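Residue numbers (our numbering): 35 to 274.
Think of the CB as a built atom: it goes at the ideal place given N, C-alpha and C, for glycine as much as any other residue.
Predicted model only: the values in this text are computed from it and were never measured.
Report on the following structure.
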């Protein structure tokens, strides 16, 4: 990364983008497996392999794509389909906002361009480094590209050769991303404020998962933790 002090602009470093691409390659392996599962499910819902692949190329939103399949049929109701996709992906509003101090240094075309490949995994890596005082949008671009490629490749493989991995949860593969995100959280700065924010977010998400409609727990947990961070300001020396 390079920041021009005169114009306060951010210039993406190609070598760092490449490094971040390979940094998230292990996560991409497991993303491929779930892409295969999506390709298989899409076929069962009536989509041709190329149609499922096109959806993954243009949408790139795993949970939302799975949810959309539940509404797929002879007559697709557009408004509920759009609503559920927006609800599931609403967390991206908060994710993008959390990196805005760095993102604003990019020209608009590049800023919104790299956000097309924003995921939980590459956001977690970039935000962890941002909290540590390092600006690393290359993690969004490089990591996002490898995850996008893995998702598309998995979808196509599942569409054309479905059935090889029908139940990735049976192998514990559904826990990989969660464990990765937990590692990113534990590896970041630590303070009482952050500990309370994570605790409130976790409890709120569990309660929402239990009592509210599907997928709302994601945004509820994020908002609850964000409220703690917004109203609890602490001195910089309050670290442990």
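Checklist entry - By a C-beta neighbour count over all protein chains shown, 10 Å radius and 16 as the cutoff for buried, is residue 167 buried or exposed? => result The Cβ neighbour count for residue 167, taken over all protein chains shown within 10 Å, is under 16; the residue is labelled exposed.
Checklist entry - residue 66 by DSSP, collapsed to three states: which one? => result helix
Checklist entry - Just reading off the beta strand (DSSP E) that residue 153 is part of, what are its end residues? => result Per DSSP, residue 153 belongs to no beta strand (DSSP E) and is neither H nor E.
Checklist entry - The alpha helix (DSSP H) with residue 45 in it runs from where to where? => result Here residue 45 belongs to no alpha helix (DSSP H); instead the beta strand (DSSP E) covers 43-45.
Checklist entry - In three-state terms, what does DSSP make of residue 141? => result Under the three-state reduction of DSSP, residue 141 is assigned to coil, being neither helix nor strand.
Next on the checklist: Between which two residues does the alpha helix (DSSP H) holding residue 196 run?
Outcome noted: Premise fails: residue 196 is in no alpha helix (DSSP H) and is neither H nor E.
Next on the checklist: Considering Cα atoms alone, identify which of 50, 65, 49 and 54 is closest to residue 181.
Outcome noted: 65
Item to check | Straight-line Cα distance separating residue 126 from residue 45 | outcome: 23 Å
Item to check | Continuous alpha helix (DSSP H) stretch holding residue 225: start and end | outcome: Where residue 225 is concerned, there is no enclosing alpha helix (DSSP H), given that its DSSP letter is neither H nor E.
Item to check | Segment contact, 8 Å Cβ cut-off, at least three pairs: the segment 120-134 with the segment 90-102 | outcome: yes
Checklist entry - First and last residue of the alpha helix (DSSP H) that includes residue 91? => result 83-92
Next on the checklist: When you measure from the CB of residue 77 to every non-hydrogen atom of the ligand ATP, does any distance come out below 8 Å?
Outcome noted: Looking for the ligand ATP in the displayed structure turns up nothing, as the structure carries no ligands at all.
Next on the checklist: With a threshold of 6 Å on Cβ separation, who are the neighbours of residue 57 within its own chain once the five nearest residues in sequence on each side are excluded?
Outcome noted: none
Checklist entry - CA-CA distance, residue 48 and residue 61? => result 21 Å
Item to check | Whole-number beta carbon distance between residue 255 and residue 128, since they are thought to touch under 8 Å | outcome: Not really, about 10 Å apart at Cβ, beyond 8 Å.
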